[in-house]
Ligand SMILES: Cc1cc2nc3c(=O)[nH]c(=O)nc-3n(C[C@H](O)[C@H](O)[C@H](O)COP(=O)(O)OP(=O)(O)OC[C@H]3O[C@@H](n4cnc5c(N)ncnc54)[C@H](O)[C@@H]3O)c2cc1C
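Numbering (this note's numbering), first residue to last: 1 to 428.
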């Protein structure tokens with residue numbers, strides 16, 4: 001059983017199939033240093049999740065075997081050591097996962113490589129509109145997704161026997177994760193959300209200070225909880241609709257692997273922004289309070305509210321005229337929940353180069369701040385220089401300039417009205 005981003009026992013079809021098919025199973029995870037090095041926060045969270053997965057496997061008589069190196073070479077080595085006749089693995093949507101699967105099949109010609117669902121509620125490729133192989137518009141996708149027959153979740157195995165001779169490589173976990181790791185933590189997190197916040201989700205999900213969203217994305221990213229279980233527990237409604245967005249972007253990426261780098265709609269050929277502005281954006285020193293609050297939340301917490309993700313992405317690509325790729329790379333490096341399909345989907349949507357029925361939309365960050373952080377609680381929480389500024393002054397560049405002593409907080413690096421005129425001219 002090759003674990004990838006399905007770090008759980010419950011509703012894990014690949015694991016259930018492996019346990020059903022053999023007396024002995026090697027639950028294997030391969031730490032690929034090339035992927036981890038540039039993403040320290042996600043890497044710590046992942047390793048903490050592996051510690052928990054090991055404990056959960058021990059509770060049913062097994063353990064996790066961890067190897068370090070290239071996933072294909074290490075899997076092949078374990079197959080050889082164990083004399084395994086099959087490798088079970090979850091299907092995934094990234095080009096990296098597709099290559100891994102292809103290489104596994106080439107490296108193991110005499111072994112059955114069995115691929116199982118489990119990462120999505122509805123697997124990529126399962127739904128398609130007439131005449132196409134995937135959906136590019138969310139609303140009809142969501143309709144089809146809601147009406148599709150969902151698979152039946154599979155229970156966790158009750159016991160597992162791991163061959164004694166197969167050992168782990170030495171590996172270490174550096175540092176603590178800022179959120180509790182593992183399947184048990186994910187389930188408790190979900191239960192709390194269902195009990196305390198699901199009912200008010202629609203009303204609060206865009207309120208930046210309220211913390212009204214589930215916070216489940218890191219757990220979904222690594223599969224500490226099954227998206228299907230979450231969708232079934234929450235039932236139809238605005239929250240579960242967001243899980244459909246996750247599957248939507250998954251099937252978009254699976255069908256468009258080049259979208260990791262290339263515009264899906266090549267709507268613009270030049271990006272003329274000043275790369276010094278990119279640095280100010282990264283540091284949260286743009287002089288636009290709501291943008292800086294989002295970027296500083298990212299820097300300190302490794303996460304950012306969905307609304308501010310949209311605002312800072314629109315700001316980078318449309319106000320600053322900087323290619324979305326720079327923003328997506330920064331998010332990928334910093335986010336605990338950094339996920340190629342959702343990240344690229346979100347960035348290309350914000351940049352107007354992706355699957356969006358209104359690619360020309362541009363957010364006014366000042367109005368967004370006023371609307372979604374009216375009293376300034378979120379801004380003040382993340383931008384201490386603005387802690388004493390009254391709410392009415394936070395959302396207006398002229399009033400803000402008038403309230404602060406010189407040098408206390410940056411003046412805006414771009415005038416939104418100018419940027420909007422330029423963007424409109426460009427996208428005409
Ligand atoms: C520019 C940009 C980049 C993003 N990058 C990522 C990323 O790297 N990883 C990531 O998981 N999400 C990403 N998102 C989507 C979204 O912002 C996060 O999923 C959400 O903020 C996570 O918080 P939550 O779990 O409290 O969400 P909730 O509102 O509680 O939603 C529940 C779950 O639904 C899914 N979901 C919610 N919104 C979206 C969305 N817009 N698109 C796809 N799935 C969604 C997530 O899995 C989320 O955990 C990005 C959005 C934008 C605009």
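All C-beta atoms in this analysis are idealised placements derived from N, C-alpha and C, irrespective of residue type, glycine included.
**Assigned exposure category for residue 366 - 16 Cβ within 10 Å defines buried** = Its Cβ being crowded by 16 or more others within 10 Å, residue 366 is buried.
**Prompt:** So is residue 121 buried or exposed if we call it buried at 16+ other beta carbons inside 10 Å?
**Reply:** Result: buried.
**Message:** On the CB-based measure, 16 or more other CB atoms within 10 Å of its CB, does residue 74 come out buried or exposed?
**Reply:** Per the 10 Å Cβ criterion, buried.
**Message:** Could you check whether the Cβ of residue 251 sits closer than 7 Å to any heavy atom belonging to ligand 1?
**Reply:** It does not: the Cβ of residue 251 is nowhere closer than 7 Å to a heavy atom of ligand 1.
**Request:** Would you mind reading off the limits of the alpha helix (DSSP H) that contains residue 227?
**Result:** It spans 227-234 - the alpha helix (DSSP H) in which residue 227 sits, taken as one unbroken run.
**Item:** One or two residues paired with residue 116 in a DSSP bridge
**Value:** Residue 116 is bridged to 90.
**Request:** Just confirm the distance between the C-beta atoms of residue 126 and residue 148, as a whole number of angstroms; I'd bet it's less than 8 Å.
**Result:** Confirmed, Cβ separation roughly 7 Å.
**Message:** Taking 7 Å as the cut-off, is the beta-carbon of residue 220 closer than that to any non-hydrogen atom of ligand 1?
**Reply:** Short note on residue 220: C-beta closer than 7 Å to some heavy atom of ligand 1.
**Request:** Just the C-alpha distance for residue 264 and residue 23, rounded to the nearest angstrom, thanks.
**Result:** Answer to the nearest angstrom: the Cα atoms are 47 Å apart.
**Item:** Nonlocal neighbours in the same chain, by C-beta distance under 8 Å from residue 338, ignoring five residues either side
**Value:** Excluding sequence positions up to five before and after residue 338, its CB lies within less than 8 Å of the CB of 39, 42, 221, 331 and 332, all in the same chain and listed in chain order.
**Message:** Taking 7 Å as the cut-off, is the C-beta of residue 297 nearer than that to any heavy atom in ligand 1?
**Reply:** Between ligand 1 and the CB of residue 297, the shortest heavy atom gap is not smaller than 7 Å.
**Prompt:** Unbroken alpha helix (DSSP H) runs of length 4 or more, entirely within the segment 4-87: which are they?
**Reply:** List check, alpha helix (DSSP H) in window: 13-21, 33-36, 40-59 and 71-82.
**Prompt:** Do you know how far the Cα of residue 210 is from the Cα of residue 390?
**Reply:** Residue 390 and residue 210: Cα-Cα distance of roughly 19 Å.
**Request:** Use the C-beta contact count for residue 58: other C-beta atoms within 10 angstroms, 16 or more gives buried, fewer gives exposed.
**Result:** By the 10 Å Cβ count, residue 58 comes out exposed.
**Message:** Restricting to runs no shorter than 4 residues, where is the alpha helix (DSSP H) found entirely within the segment 191-223?
**Reply:** Here the runs fully enclosed are 201-204 and 217-222.
**Item:** Which of helix, strand or coil DSSP assigns to residue 127
**Value:** Residue 127: coil per DSSP, three-state reduction.
**Prompt:** What is the DSSP secondary structure of residue 2, reduced to helix, strand or coil?
**Reply:** Three-state result, residue 2: strand.
**Item:** Any non-hydrogen atom of ligand 1 closer than 7 Å to residue 242 Cβ
**Value:** Yes; taking the cut-off as 7 Å, the Cβ of residue 242 has a heavy atom of ligand 1 nearer than that.
**Prompt:** How do the segment 183-201 and the segment 162-175 stand: do at least 3 beta-carbon pairs fall below 8 Å, yes or no?
**Reply:** By the Cβ rule, the segment 183-201 does not count as touching the segment 162-175, because fewer than three pairs are nearer than 8 Å.
**Item:** Rounded separation between residue 430 and residue 383 - CA only
**Value:** Examination of residue 430 is not possible in this model, given that the chain is present from 1 through 428 alone.
**Asked** Closer than 7 Å: is that where the CB of residue 310 sits relative to any heavy atom of ligand 1?
**Response** Checking the Cβ of residue 310 against ligand 1 gives yes.
**Prompt:** Mind checking whether the beta-carbon of residue 97 lies closer than 7 Å to any heavy atom of ligand 1?
**Reply:** No, Cβ of residue 97 sits at least 7 Å from all heavy atoms of ligand 1.
**Message:** Quick check: residue 20 and residue 90, are their CB atoms within less than 8 Å of each other?
**Reply:** No, the Cβ-Cβ distance between residue 20 and residue 90 is not below 8 Å.
**Prompt:** Is residue 50 near ligand 1, with its Cβ less than 7 Å from a heavy atom?
**Reply:** Because no heavy atom of ligand 1 lies under 7 Å away, the Cβ of residue 50 does not count as near it: no.
**Message:** Can you tell me whether residue 170 is buried or exposed? The criterion is at least 16 other CB atoms within 10 Å of its CB, across all chains shown.
**Reply:** Looking at its Cβ environment, which holds fewer than 16 other Cβ atoms inside 10 Å, residue 170 is exposed.
**Request:** Would you tell me roughly how many angstroms separate the C-alpha atoms of residue 128 and residue 361, rounded to the nearest one?
**Result:** For residue 128 and residue 361, the distance between alpha carbons rounds to 27 Å.
**Message:** Quick check: is any heavy atom of ligand 1 less than 7 Å from the C-beta of residue 281?
**Reply:** Distances taken from the Cβ of residue 281 to the heavy atoms of ligand 1 include none shorter than 7 Å.
**Item:** Where residue 379 falls: helix, strand or coil (DSSP)
**Value:** Note: residue 379 maps to helix in three-state DSSP.
**Request:** State the Cα-Cα distance for the pair residue 266 and residue 353, rounded to the nearest angstrom.
**Result:** Taking the Cα positions, residue 266 is about 6 Å away from residue 353.
**Request:** Just mark residue 237 as buried or exposed, buried being the case when its beta carbon has 16 or more other beta carbons within 10 Å.
**Result:** Label assigned to residue 237: exposed.
**Message:** If distances are taken between C-alpha atoms only, which option among 368, 256, 225 and 259 comes closest to residue 49?
**Reply:** Nearest C-alpha to residue 49: 225.
**Asked** With residue 412 and residue 284 assumed to form a contact (beta carbons below 8 Å), what rounded beta-carbon distance in angstroms separates them?
**Response** 13 Å between Cβ atoms; not a contact.
**Within-8 Å CB hit, residue 57 to chain B** = Looking at the structure shown, chain B is missing, and only one protein chain is on hand.
**Message:** Between which two residues does the alpha helix (DSSP H) holding residue 306 run?
**Reply:** Where residue 306 is concerned, the enclosing alpha helix (DSSP H) stretches over 306-314.
**Message:** Suppose contacts are defined by Cβ-Cβ distances below 8 Å. Is residue 85 in contact with residue 119 by that definition?
**Reply:** Contact: no.
**Prompt:** How about residue 184 and residue 52: do their beta carbons lie closer than 8 Å?
**Reply:** Yes, Cβ-Cβ distance for residue 184 and residue 52 is below 8 Å.
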